[in-house]
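The structure appears below as structure tokens.
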Amino acid sequence: MNFTTIAFDQLTVRQLHQIYKLRVAVFVVEQHCPYQEVDDTDLTAWHLLGQDQQGHLIAYARLMQEANHQARIGRVLTNPDFRGQGAGKQLVQRALEQVNALWPETSQVNIQAQHYLDRFYRRFGFEPVSGVYLEDEIPHQDMVLKLR
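Using the working numbering, the letters of the sequence shown map in sequence onto residues 457 to 604.
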């Protein structure tokens, strides 16, 4: 899988289409969450794309800088056709590397994780900082990775 990190204004029309198509397929259709998937955060986020040799989008996340030397990883997803092949693990590892490259002063990375992925994110060093709560009727928890 080849990774590319791109600012919104540098995305091609084809890349943007792939991102939105896959995000809607996973977060709206698959998870039965009829909400506005496209938001203004896309405009300022960095977009991490994991693609195969043919340019098909396999994995995606968006990276955001936050106040107080913090960053956020969001919209983490793996194409359903490629799940169970380690793409998610590669994606999160690359996302953490890119946070460090984009914002070297980052001391903490935040995620809003679906609760069933608790163990997955703990393998990267994330720890829960909230109880489980419902977001769009799906159990979530806030998790943090301290870098310094």
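Heads up, the beta-carbon is just placed ideally off N, CA and C, and yes, glycines get one too. Being a predicted model, the structure only gives us computed values, none of them experimental.
| Query | Result |
| --- | --- |
| Opening and closing residue of the beta strand (DSSP E) in which N458 lies | N458 to A463 |
| Status (buried if at least 16 other CB within 10 Å, exposed otherwise) for T605 | Any question about residue 605 goes unanswered here, given that the chain covers just 457 to 604. |
| Separation of P584 from E553, as counted between CA atoms | 21 Å |
| Collapsed DSSP secondary structure at N556 in the structure displayed | helix |
| Nearest-angstrom Cα separation, counted from R604 out to E493 | 33 Å |
| The beta strand (DSSP E) enclosing V484, as first and last residue numbers | Per DSSP, V484 belongs to no beta strand (DSSP E) and is neither H nor E. |
| Buried versus exposed, by CB contacts within 10 Å (16 or more), A523 | exposed |
| C-alpha gap between H512 and Q474, whole angstroms | 8 Å |
| Residue range of the unbroken alpha helix (DSSP H) whose run includes R578 | D574 to R578 |
| 8 Å Cβ cutoff met for W502 and T461 | yes |
| Status (buried if at least 16 other CB within 10 Å, exposed otherwise) for L478 | buried |
| Own chain, CB closer than 8 Å to R531, minus 5 neighbours either side, in chain order | R479, F483, Y516, A517 and R518 |
| Contacts around F538, its chain only, beta-carbon distance under 6 Å, and the 5 residues preceding and following it disregarded | I514 |
| For H525 and T500, believed in contact at Cβ under 8 Å, the rounded distance | Not quite, the Cβ-Cβ distance comes to about 17 Å (not below 8 Å), so this is no contact. |
| Beta-carbon proximity list for M457, same chain, < 8 Å, skipping 5 on both sides | G506, Q507, D508, I514, A515, A543 and Q546 |
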